[in-house]
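Novice:
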Amino acid sequence: GESVGLHLPTLSVQEGDNSIINCAYSNSASDYFIWYKQESGKGPQFIIDIRSNMDKRQGQRVTVLLNKTVKHLSLQIAATQPGDSAVYFCAEKSGNNRLAFGKGNQVVVIP
Amino acid sequence: DVKVTQSSRYLVKRTGEKVFLECVQDMDHENMFWYRQDPGLGLRLIYFSYDVKMKEKGDIPEGYSVSREKKERFSLILESASTNQTSMYLCAGRSRGGAEQYFGPGTRLTVT
């Protein structure tokens, strides 16, 4: 079947290197952001979230940075592993309580 | 572990057929969502429901309807399938006070 990763910007990363995935969001009133990971043939899986009153949040091997001034969100993956190969996309929540999703970035880990 | 399940992983239907996509969640979530996902377009919201028997149109409701008779089950209906409805369909659940949505594995529907 056709992959969700087609037509997406692709980041190729050497195994063991750090990855940085970027997302520009549209609504300055958004107060909550999520990063999802979607592996081929699977549904999106929650990675990490951040509220607008924070500018950084760390998880296991992942860090999310929020720059509200330029409406930019990034996901940093430390020591990238083959299992990190997937499509990553951000989502923002604004006043209507719905999530608006970015189109995503394909990450390919080179062993 | 939270769980959202979808009735089929792959489905092939003919143009004009009535299609039911079923979604069940075991998280006791009030809110449930149906999205379609197409290459280059990302996730687009079709319909959502914030309670039993309640439904709201999303961004692309045309050609679809939904049913929420029980809290745990949210069905997406294609009254008369068309080839432009070939897509990956994703269901999600969310608690009333929460923001994170939990997704099912998806149903890849092909309409021929």
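Chains as they are written, first to last, in my numbering: chain L, 476 to 586; chain X, 259 to 370.
Every residue gets a Cβ at the ideal spot worked out from N, C-alpha and C, and that includes glycine.
Does any residue of chain L have a CB that is nearer than 8 Å to the CB of Glu-275 (chain X)?
Specialist: no
Novice: Within 8 Å (strictly less), CB to CB, does Arg-573 (chain L) reach chain X?
Specialist: yes
Novice: Gly-362 (chain X) CB to nearest chain L CB: under 8 Å?
Specialist: yes
Novice: For Asp-506 (chain L), does the count of other Cβ atoms within 10 angstroms reach 16, so buried, or fall short, so exposed?
Specialist: exposed
Novice: Let me see if you follow: with CB-CB separation under 8 Å, is Asp-524 (chain L) close to chain X or not?
Specialist: yes
Novice: Give me the Cα-Cα distance between Asn-289 (chain X) and Asn-572 (chain L), rounded to the nearest whole angstrom.
Specialist: 11 Å
Novice: Would the region 266-285 of chain X count as touching the region 293-302 of chain X if we require 3 or more Cβ pairs under 8 Å?
Specialist: no
Novice: For the beta strand (DSSP E) containing Gly-351 (chain X), name the first residue and the last one.
Specialist: Per DSSP, the unbroken beta strand (DSSP E) holding Gly-351 (chain X) starts and ends at 345-352.
Novice: In chain L, which residues lie with their C-beta within 7 Å of the C-beta of Ala-357 (chain X)?
Specialist: Tyr-507, Lys-568
Novice: Suppose you measure from the CA of Thr-365 (chain X) to the CA of Ser-569 (chain L); what does that come to, to the nearest Å?
Specialist: 28 Å
Novice: Of all the residues that make up the region 284-300 of chain X, which are near chain L by a beta-carbon distance shorter than 9 Å?
Specialist: Asn-289, Phe-291, Tyr-293, Gln-295, Asp-296, Pro-297, Gly-298, Leu-299, Gly-300
Novice: State the beta-bridge partners of Glu-567 (chain L) as determined by DSSP.
Specialist: L:Phe-508, L:Ala-575
Novice: Comparing C-alpha positions only, which one of X:Gly-355, X:Arg-331, X:Gln-343 sits nearest to Val-262 (chain X)?
Specialist: X:Arg-331
Novice: Could you tell me which chain L residues have their CB closer than 9 Å to the CB of Leu-348 (chain X), listed as they occur along the chain?
Specialist: Gly-518, Pro-519, listed in chain order.
Novice: Using a C-beta to C-beta distance shorter than 7 Å, which residues of chain L count as neighbours of Leu-303 (chain X)?
Specialist: Arg-573
Novice: Please decide whether Gly-579 (chain L) counts as near chain X, where near means a Cβ-Cβ distance under 8 Å.
Specialist: yes
Novice: Tell me the rounded alpha-carbon separation between Glu-320 (chain X) and Ala-339 (chain X).
Specialist: 12 Å
Novice: Nearest-angstrom Cα distance between Tyr-322 (chain X) and Gly-558 (chain L)?
Specialist: 36 Å
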